[in-house]
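See structure below.
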Amino acid sequence: MLQLVRVLVSPDNPQQATATCQKIMNQCGLLRLLCGILMSTGIPADILTETINTVSEVIRGFPANQEYFSQVNAPSNPPSPAIVVLLMSMINDKQPFSLRCAVLYCFQCYLYKNEQGQE
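Using the working numbering, the first residue of the sequence shown is number 5, and each one after it goes up by one.
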């Protein structure tokens with residue numbers, strides 16, 4: 005299912021088609037659900053990796069989705085931004101390499117054409 009979502013928002017698609025799908029995925033709540041999976045505990049590494057890659061492409065180059073993602077917090081006390089939690093997992097050498105690469109891709113997609121995020 006995650007791979008199907010990625011096909012719809014692939015950077016290889018025409019930009020207008022990708023942007024339309026990204027907008028719809030935010031409006032219907034799919035991005036919210038994906039971010040919920042991302043911040044859940046106990047998710048197997050392979051599914052978490054694919055979820056991170058999917059979120060990455062849903063937010064890539066689409067300001068509304070990047071803004072939404074910037075406001076997602078991990079369920080911790082005190083709450084931490086999801087992007088910070090992901091970056092912390094990227095530098096943890098106990099995480100699988102594929103997961104760490106997915107986090108790097110997510111960070112790249114978050115910053116792609118995101119002037120506010122680059123500040």
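Note that beta-carbon positions come from the ideal geometry of N, C-alpha and C, so glycine has one too.
Small disclaimer: the values here were computed from a predicted structure and weren't measured.
Of the other Cβ atoms in all chains shown, 16 or more fall within 10 Å of the Cβ of residue 64; this residue is therefore buried. When rounded, the separation of the alpha-carbon atoms in residue 100 and residue 27 is 31 Å.
Residue pairing by DSSP places residue 77 opposite 85 in a beta bridge.
Around the beta carbon of residue 21, a 10 Å sphere encloses fewer than 16 other beta carbons of the protein chains shown; the residue is thus reported as exposed. It is roughly 8 Å from the alpha-carbon of residue 47 to the alpha-carbon of residue 41.
Ranked by Cα distance from residue 120, the first of 10, 107, 79 and 73 is 73. Beta-carbon to beta-carbon, residue 30 and residue 86 are separated by about 15 Å, too far to satisfy the 8 Å threshold.
Taking the Cα positions, residue 54 is about 11 Å away from residue 8.
DSSP, read as helix, strand or coil, puts residue 65 in coil.
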